[in-house]
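Have a look at the structure below before the remarks.
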Amino acid sequence: MLEFIRIAAAVPKVSVGNVDANVKEILQKIDEAEKENVQLTVFPELCLTGYTCGDLFFQETLLSAAREGLREIVLHSRGLKSAIAVGLPLVINGGLYNCGAVIYDGKLYGMVPKTYIPNYNEFYEARWFVSGAVLSARSLSPAEAGLSEVQTEEIPVGTGLIFETKDFRFGAEICEDLWATVPPGSYLALNGAEVIINLSASNETISKRRYRRALVQQQSAAQMSAYVYVSAGCTESTTDLIFSGHSLVCENGRVLAENKKTIDSDYLLYSDVDLGKLRADRRKIKTFAQSVAQCASAMACRTVFLPLETVENNLNYYPVNKLPFVPDVKRDRAERCMDIFEMQVMGLKKRMEVTGARPVVGVSGGLDSTLALLVCTEAARRCNRPLTDVVGITMPCFGTTDRTYRNSLELMKTLGITYLEIPIKAAVEQHFQDIGHDRSVLDLTFENSQARERTQVLMDYA
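Following the working numbering, the numbering of the sequence shown begins with -18 at its first residue and continues without gaps.
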């Protein structure tokens, strides 16, 4: 089983109501993604027609064109490596559903209807669409999907479909589903889906991009999943809304990839996802298994098998940060440092209150001992103890430079602590003589003998 997979978020140019033009753009994006060895390509909500068609959704002309567009995409997918998820309106049992279609190698494998239909503020989807939660049908005939000449097998339909390949499992939800108190994707994850895809058409308002990012991060963390969010671009109608084309891929709370522009369209966003890490996290963190036991059965899920071929990749789209604990933004970095400092201070303060002991710190003038000394003085201050309770000891030896020596003395004087100078050069030289070590050999023994002597001085003094 492959540990990494490659996913593409595809945001095509949209001509509202022009299915032929939209299919052309979608096929172009599919072909581009194929060149990058993508295993799953995800498009926005209602991308075949455009999200902002309004009352055109009542017209059979548009709905028939959407089915024909779906047929064209299914046929085009023959021989391709990637599974494809596209959005379209589809009539099922007389009701109109906002669906995500999952396609692979010339076949439609499943149709996932949107569960939560927004009907507040600027949204009035309930005027056109029915919630997938009330859908009783479990499958579609090929004719209902416009595929009677393409395939003979019934097509699974429902909100609880989990698509399983030999390398990974994924489930789908649509736009508003993510905003629900308990999203369908949460149940899909508890039933084994490792990747959740969201075909979306989320309009843009002030600060909504930041809110969406936080929402996707939180969901991927809560589900211990990879979450792929793909939203309609700015070529949707701007009659009363504007769409930004916001897309991102998160892995257990970490943003792996995100489009850069605030308002965007006509692009592909690639990301490699570490499935091995997600599986290990789910095994290690027992609350996931406990949630499975308590909640997984709350949604009826079915498995649909996709014979997706394994594709080896070079991990060019997996971000590796050489400083993973150091934020890039200066403000965030300062906040991180203060958080670390605060945790150290409060931990030491508790020990000082319990034991009544006073801190003894070896001060070299370097960064590590400086931080340790600052933590000790702040802990003493918060214990309402005099700073003279903190003892700083500088222990010059062979490697002590004039600069670090002066820095250590100046620091201790400035802080107002008790400070001592205990040279260890003679003691270390005696130790070298005792063990027959040549002082001119600057090896590990030379370095560690000084460190051990300093430790002995500090522990015995304390």
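Positions of the beta carbon are idealized from the N, C-alpha and C atoms, including for glycine.
**Message:** Between H227, C156, V176, Q199, which has its C-alpha nearest S188's C-alpha?
**Reply:** Taking the sequence shown and counting its residues from 1, one reaches residue 188 at position 207. When H227, C156, V176, Q199 are compared, the shortest CA-CA separation from S188 is found for H227.
ask   = Which of helix, strand or coil does DSSP assign to D253?
value = Within the sequence shown, numbered from 1, the residue matching residue 253 stands at position 272. In the structure shown, the three-state DSSP call for D253 is strand.
Item to check | Nearest residue (CA-CA) to G141, options G214, A124, A174, L329 | outcome: Position 160 of the sequence shown, counting from 1, holds the residue named residue 141. Closest by alpha carbon: A174.
Which runs of the alpha helix (DSSP H) spanning at least 4 residues fall entirely within the region 305 to 352, listed in chain order? List check, alpha helix (DSSP H) in window: 311 to 336.
**Study point:** Boundaries of the alpha helix (DSSP H) in which I7 is found, first to last residue
**Key:** Working through the sequence shown from its first residue, we reach residue 7 at position 26. Segment 0 to 15, the alpha helix (DSSP H) holding I7.
Q: Indicate the three-state DSSP secondary structure (helix, strand or coil) for M440 in the structure shown.
A: Your numbering for residue 440 matches position 459 in the sequence shown. It is helical.
- Message: Which of the three DSSP states is assigned to V138 in this structure?
- Response: One-based indexing of the sequence shown puts residue 138 at position 157. In the structure shown, V138 sits in a strand (DSSP, three-state: E or B).
Could you give the uninterrupted runs of the alpha helix (DSSP H) lying entirely in the region 39 to 114, keeping only those of 4 residues or more?
Complete alpha helix (DSSP H) runs here, min 4: 41 to 57.
Pick out whichever of G234, L8, V23, R339 has its Cα sitting closest to the Cα of A203.
Residue mapping note: residue 203 aligns to position 222 of the sequence shown, counting from 1. Per the Cα distances, G234.
Open item on the list: Can you tell me whether E232 is buried or exposed? The criterion is at least 16 other CB atoms within 10 Å of its CB, across all chains shown.
Closed with: Working through the sequence shown from its first residue, we reach residue 232 at position 251. Buried, by the Cβ-count rule.
Exercise. Nearest to R191 by alpha carbon, out of R150, F149, V335, K241?
Worked result: Here residue 191 is taken as the residue at index 210 of the sequence shown, counted from 1. For the residues R150, F149, V335, K241, the minimum Cα distance to R191 belongs to K241.
*Contact check, V285 vs F144 under 8 Å by CB: the rounded distance?*
One-based indexing of the sequence shown puts residue 285 at position 304. One-based indexing of the sequence shown puts residue 144 at position 163. So it is a contact: roughly 5 Å between Cβ atoms.
(message) Please give the ranges of any alpha helix (DSSP H) in the region 183 to 255, keeping only runs that are unbroken, at least 4 residues long and fully inside the region.
(response) Within the region 183 to 255, the runs of alpha helix (DSSP H) that reach at least 4 residues and sit entirely inside it are, in chain order, 189 to 204.
- Task: Could you spell out where the alpha helix (DSSP H) holding E391 opens and where it closes?
- Result: Within the sequence shown, the letter at position 410 stands for residue 391. Start and end: 383 to 396.
- [ ] Leaving aside the five residues before and after I223 along the sequence, list all residues of the same chain whose C-beta is less than 6 Å from its C-beta, in chain order.
- [x] Here residue 223 refers to the residue found at position 242 when the sequence shown is read from its first residue. Taking I223 as the centre and dropping the five residues before and after it, the same chain places the C-beta of E185 closer than 6 Å to its C-beta, in chain order.
### Task
Please classify E402: does DSSP put it in a helix, a strand, or coil?
Against the sequence shown, residue 402 aligns to sequence position 421. If DSSP states are grouped into helix, strand and coil, E402 belongs with the strands.
Cut-off 8 Å between Cβ atoms - residues of its own chain near A161, not counting five sequence neighbours on either side = On the sequence shown, residue 161 is found 180 positions in, with the first residue counted as 1. Excluding sequence positions up to five before and after A161, its CB lies within less than 8 Å of the CB of T96, Y97, all in the same chain and listed in chain order.
*Could you tell me if E217 is buried or exposed, where buried requires 16 or more neighbouring beta carbons within 10 angstroms of its beta carbon?*
Within the sequence shown, numbered from 1, the residue matching residue 217 stands at position 236. Burial of E217 is indicated by the presence of at least 16 other C-beta atoms within 10 angstroms of its C-beta.
To the nearest angstrom, report how far apart M92 and L128 are at their CA atoms. As a working note, residue 92 is residue 111 in the sequence shown. As a working note, residue 128 is residue 147 in the sequence shown. Cα to Cα, M92 sits roughly 13 Å from L128.
From M205 to L256, what distance separates their C-alpha atoms?
Here residue 205 refers to the residue found at position 224 of the sequence shown. Here residue 256 refers to the residue found at position 275 of the sequence shown. Cα to Cα, the separation comes out at about 10 Å.
(message) Tell me which residues share the same chain as P123 and place their Cβ nearer than 6 Å to its Cβ, disregarding the 5 neighbours each side in the sequence.
(response) Counting from one through the sequence shown, the residue named residue 123 turns up at place 142. Excluding positions up to five away in sequence, the list reads S129, Q132.
Worksheet item: Per the contact definition of three or more C-beta pairs closer than 8 Å, is the region 377 to 389 in contact with the region 330 to 342?
Response: The region 330 to 342 vs the region 377 to 389: no contact.
Under 8 Å between the Cβ atoms of R363 and K331?
For this step, residue 363 is matched to residue 382 along the sequence shown. For this step, residue 331 is matched to residue 350 along the sequence shown. Taking the C-beta atoms as reference points, K331 is found no nearer than 8 Å to R363.
Residue of H57, G31, E239 minimising C-alpha distance to A46:
As a working note, residue 46 is residue 65 in the sequence shown. Checking every option, the nearest Cα to that of A46 belongs to G31.
Nearest-angstrom Cα separation, counted from R314 out to S212
Position 231 of the sequence shown holds residue 212. Position 333 of the sequence shown holds residue 314. Approximately 31 Å, taken between the alpha carbons.
Note to self: Among the candidates R420, C276, S225, whose CA atom is the shortest distance from the CA of G166?
What the structure shows: The residue you call residue 166 lines up with position 185 of the sequence shown. Residue C276 holds the alpha-carbon nearest to the alpha-carbon of G166 among R420, C276, S225.
- Can you name, in chain order, every residue of its own chain whose Cβ lies under 7 Å from the Cβ of L229, other than the five neighbours on each side? Position 248 of the sequence shown, counted from the first residue, corresponds to residue 229. Apart from sequence neighbours up to five positions away, the residues of its chain that approach L229 with a beta-carbon distance below 7 Å are R194, V197, Y210, V236, A238, E239, ordered along the chain.
| If you draw a straight line from the C-alpha of V(-8) to the C-alpha of C318, how long is it? | The residue labelled residue -8 in the question sits at position 11 within the sequence shown. The residue labelled residue 318 in the question sits at position 337 within the sequence shown. Rounded to the nearest angstrom, the two C-alpha atoms are 38 Å apart.
**Integer-rounded CB distance, given that S246 should sit under 8 Å from K(-6)** = As a working mapping, residue -6 is identified with position 13 in the sequence shown. As a working mapping, residue 246 is identified with position 265 in the sequence shown. Yes, they are in contact, since the Cβ atoms of K(-6) and S246 sit about 6 Å apart, within 8 Å.
Quiz item: Going by the CB atoms, is the gap between E410 and R420 shorter than 8 Å?
Solution: The sequence position of residue 420 within the sequence shown is 439, counting from 1. The sequence position of residue 410 within the sequence shown is 429, counting from 1. The answer is yes: Cβ separation under 8 Å.
With distances taken Cα to Cα, identify the nearest neighbour of M327 among V341, T358, S345. For the purposes of this step, residue 327 is identified with residue 346 of the sequence shown, where counting begins at 1. Checking every option, the nearest Cα to that of M327 belongs to T358.
>> Between Q325 and V371, how many whole angstroms is the CB-CB distance? I'm expecting something under 8 Å.
In response: Along the sequence shown, read from residue 1 onward, the residue named residue 325 stands at position 344. Along the sequence shown, read from residue 1 onward, the residue named residue 371 stands at position 390. With 8 Å as the limit, Q325 and V371 do not qualify as a contact, their Cβ atoms being about 14 Å apart.
List the whole-angstrom C-beta distance separating I374 from Y442, where the pair is believed to meet the contact cut-off of C-beta under 8 Å.
Translated into positions along the sequence shown, residue 374 becomes position 393. Translated into positions along the sequence shown, residue 442 becomes position 461. Taking 8 Å as the upper bound for CB-CB distance, I374 and Y442 are in contact here, some 7 Å apart.
*Can you name, in chain order, every residue of its own chain whose Cβ lies under 7 Å from the Cβ of T146, other than the five neighbours on each side?*
The residue you call residue 146 lines up with position 165 of the sequence shown. The answer, listed in chain order, is L287, L289.
In whole angstroms, what separates the C-alpha of N172 from that of D262? The residue labelled residue 172 in the question sits at position 191 within the sequence shown. The residue labelled residue 262 in the question sits at position 281 within the sequence shown. Their Cα atoms are separated by approximately 16 Å.
request  = Would you kindly check if the distance between the Cβ of R283 and the Cβ of G139 is under 8 Å?
outcome  = In the sequence shown, counting from the first residue as 1, residue 139 sits at position 158. In the sequence shown, counting from the first residue as 1, residue 283 sits at position 302. Yes, these two residues count as a Cβ contact at 8 Å.
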